[in-house]
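Okay, structure first, notes after.
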Amino acid sequence: MKITNYIAAFFIAVTITACTSTDEEITGNGNITLEFDNAFSTSDLLLDTAPYKGNETERIKISKIKYIVSNIRLEDKEGTIFTYPKNESYFIVNEENPESQFINLFNIPSKDYTKITFGIGVDQEKYLQGAEGQGEFLTKAQDAGMVWSWQAGYKFFVFEGTYTSINTPDETAFAFHMGSHGTALDNYKEITLTLKNSARVRTNATPEIHIVADIANVLKGTTKFMLDDAAQIHVNATKSPQIATNVNGMFSVDHVHN
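In the numbering used here, the protein residues as written are 39 to 296.
This is the structure in structure tokens:
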């Protein structure tokens, strides 16, 4: 009889605990970290190392990878979207600077987030605010070599190195610089990624979303680029939008640390 009473008491306690846990109100704000981990196909990206396989016989050594991440939004499991403050939402990821690959976001409402959206580059709304409207970010971009000139606009994506091929046996420099060309050509694009498990932001817990950027997709994406055909692409009304589409497709979420 006592055993039966103990069992009944145990199940009541478990039920109360489960209800309390399920019905617990989540309040306050927390922080979240985005890690941008650059790779090349299935390999970790290393600068100025042994060559990676490009298209056909081309082999490439990468010396620079930099891109602008902007306009970050988070969507929770109920479909509510939190938009990070726009003036604080412009960052430069630089493979040469490991610290830049971790973007720390603050004062995020405590929720379980299932999707993330971000832009690559600077949107026209921000650009049209003029040089003074860019705040400190314009200086940061200039120092990082991510601006052609104010009139020409920002470089959204920088991809540089050397390559060889059966047709080009000597190491030859290549450079893809993609961005909007003032207001004449808008190459700003946004990416929405679904998280493999929710990022649980709490006042006492800071999740980390691990995003992989497969740089191989720049050459092997929707449009195939042969460096033998064009090793230098900068302001190009046809090829720059194609590079932007390839860059847009290179991101995926690997996992979330809670």
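C-beta atoms are modelled at their ideal positions from N, C-alpha and C, and glycine is treated no differently.
Here the structure is a predicted model, which means the values were calculated and not measured.
Next on the checklist: One question on the structure: do His299 and His219 come within less than 8 Å of each other, judged by their Cβ atoms?
Outcome noted: Here the chain covers residues 39 to 296 and nothing more, so residue 299 does not appear.
Checklist entry - Are Val256 and Asn286 closer than 8 Å when you measure CB to CB? => result no
Checklist entry - Going by DSSP, which residues form a beta bridge with Gly199? => result BP columns for Gly199 point to Ile100, Phe212.
Next on the checklist: Less than 8 Å between the C-beta atoms of Phe74 and Val131, yes or no?
Outcome noted: yes
Checklist entry - Under three-state DSSP, which class holds Gly171? => result Gly171 falls in the helix class under three-state DSSP.
Item to check | the segment 167-184 touching the segment 223-241, judged by at least three CB pairs closer than 8 Å | outcome: no
Item to check | Sub-8 Å separation of Phe212 and Ala275 beta-carbons | outcome: no
Checklist entry - Using 8 Å as the Cβ pair cut-off and three pairs as the minimum, do the segment 196-211 and the segment 87-99 touch? => result Inter-segment contact for the segment 196-211 and the segment 87-99 is present: three or more beta-carbon pairs are separated by less than 8 Å.
Checklist entry - Is Tyr122 helix, strand or coil when you go by DSSP? => result The three-state reading of DSSP puts Tyr122 in coil, since its state is none of H, G, I, E or B.
Next on the checklist: Closer than 7 Å to a non-hydrogen atom of the ligand GTP - does that hold for the CB of Pro147?
Outcome noted: The ligand GTP is not part of the structure shown, which contains no ligands of any sort.
Checklist entry - Ser108: which of Thr121, Gly117, Ile100 sits nearest, CA to CA? => result Thr121
Next on the checklist: Just to confirm my understanding: we take Ile271, look at its own chain, exclude 5 residues before and 5 after, and list those with CB closer than 6 Å. What are they?
Outcome noted: Phe214, Lys277
Item to check | Nonlocal neighbours in the same chain, by C-beta distance under 7 Å from Asn76, ignoring five residues either side | outcome: Leu83, Ile103, Glu133, Ala251, Ile253
Item to check | As assigned by DSSP and simplified to three states, the class of Ile45 | outcome: For Ile45, the pLDDT reaches just 45, beneath the cut-off of 50, and the residue's location in the model is therefore unreliable, although a value from the coordinates is still provided. Note: Ile45 maps to helix in three-state DSSP.
Item to check | Rounded separation between Asp161 and Trp188 - CA only | outcome: 14 Å
Checklist entry - Is Glu137 helix, strand or coil when you go by DSSP? => result helix
Item to check | CB-CB length for Glu228 against Phe175, believed under 8 Å | outcome: At roughly 18 Å, the Cβ-Cβ gap does not stay under 8 Å, so Glu228 and Phe175 are not in contact.
Next on the checklist: Is the separation between the beta-carbon of Ile70 and that of Ile146 shorter than 8 Å?
Outcome noted: yes
Checklist entry - According to DSSP, what are the bridge partners of Lys262? => result Lys258
Item to check | Assigned exposure category for Pro245 - 16 Cβ within 10 Å defines buried | outcome: Answer is buried; the Cβ neighbour count reaches 16.
Next on the checklist: Between which residues of its own chain and Gly191 is the CB-CB distance below 7 Å, once the five residues before and five after are set aside?
Outcome noted: Tyr165, Gly217, Ser218, His219, Gly220
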